[in-house]
Amino acid sequence: MKWPRRYRRVSVASFGVSMLNRMGLIVRGLAAALLILVSARLAAADEKRLPVPAVAIRAGELIREDMITERSFEPNALGVAMFVEGRQVLVGRMARRALLPGQPIPTNSVEDPWTIARGAMVKVVVEDSGLSIVTYGAAMQSGAPGSLITVRNTDTGVMIRAIVQPDGTVKVADGS
């Protein structure tokens, strides 16, 4: 059976339009998929990897290498400038407060380990013009080398400001 000519034209024309619509949909779908892949790639490039505790770290605890892992964060979500960015900054230092697993570590929550603990008896050295006097005192604060702490002279009860030395002694600061 042969279709009349006018029907053949309509069916061929509608088939052509239908095919163009399908091709247009496929092209738009591929473009959308490509856009999603590119934006995901850019988002992954913008992520910031920060060291985070793998376990809970208590205040006063020394941080070891096995206690730290890394996690990705979006830079805009955190304000990453105020968090520790490298695990080398953390290892061997002491936590000033509890650090929770998986959470970024604020820069002010770690410090150098103390050479002198609060309440410990320390050797107090006073040097002036070649004269050196040594006495003992009680540390009123904890301190790392180079930090200025208050020490109470055990003989007189006088409070002295002194600088912690690497060997565990304190040297009286000028003007104390």
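Counting along the sequence shown from 1, when you hit position 54 you're at 53 in numbering that gives the first Met the number 0, and nothing is skipped either side. Each residue gets a CB set at the ideal place from its N, CA and C atoms; glycine is no exception.
For this session: Measure the CB-CB distance between V123 and I67 and report whether it falls below 9 Å.
Result: Here residue 123 corresponds to residue number 124 of the sequence shown, with the count starting at 1. Here residue 67 corresponds to residue number 68 of the sequence shown, with the count starting at 1. Cβ distance not < 9 Å, so V123 and I67 don't count as in contact.
For this session: Alpha carbon to alpha carbon, how far is T134 from E126? Give it in angstroms, no decimals.
Result: Residue 126 sits at position 127 when you count from the first residue of the sequence shown. Residue 134 sits at position 135 when you count from the first residue of the sequence shown. Approximately 12 Å, taken between the alpha carbons.
Problem set entry | Check whether E110 and R86 have beta carbons under 9 Å apart | Position 111 of the sequence shown, counting from 1, holds the residue named residue 110. Position 87 of the sequence shown, counting from 1, holds the residue named residue 86. Result no, Cβ atoms of E110 and R86 do not sit closer than 9 Å.
Exercise. With 16 other CB atoms within 10 Å as the buried threshold, where does I25 fall?
Worked result: The sequence position of residue 25 within the sequence shown is 26, counting from 1. With fewer than 16 other Cβ atoms within 10 Å, it is exposed.
Problem set entry | Expected contact under 8 Å - CB spacing of R95 and A58 to nearest Å | Locating residue 95 in the sequence shown gives position 96, counting from the first residue. Locating residue 58 in the sequence shown gives position 59, counting from the first residue. That pair is a contact at about 6 Å.
For this session: Tell me whether S141 is buried or exposed, calling it buried when 16 or more other Cβ atoms sit within 10 Å of its Cβ.
Result: Stepping through the sequence shown from its first residue, residue 141 is reached at position 142. Flag for S141 reads buried.
For this session: Whole angstroms is fine: what's the gap from D154's alpha carbon to A137's?
Result: Position 155 of the sequence shown holds residue 154. Position 138 of the sequence shown holds residue 137. Looking at the two C-alpha atoms, the distance is approximately 10 Å.
For this session: Give the DSSP-derived three-state secondary structure of D127 in the structure shown.
Result: As a first step, residue 127 must be located in the sequence shown, where it is residue number 128. D127 falls in the strand class under three-state DSSP.
Problem set entry | For V189, the first and last residue of its enclosing beta strand (DSSP E) | The chain is shown from 0 up to 175; residue 189 falls before or after that span and cannot be answered.
For this session: Could you name the residues of the same chain whose beta carbon sits closer than 8 Å to that of E69, not counting the 5 residues immediately before and after it, in chain order?
Result: Numbered from 1 along the sequence shown, position 70 holds the residue referred to as residue 69. Excluding residues within five positions, the ones whose Cβ falls inside 8 Å are R48, L49, P50, V51 and R86.
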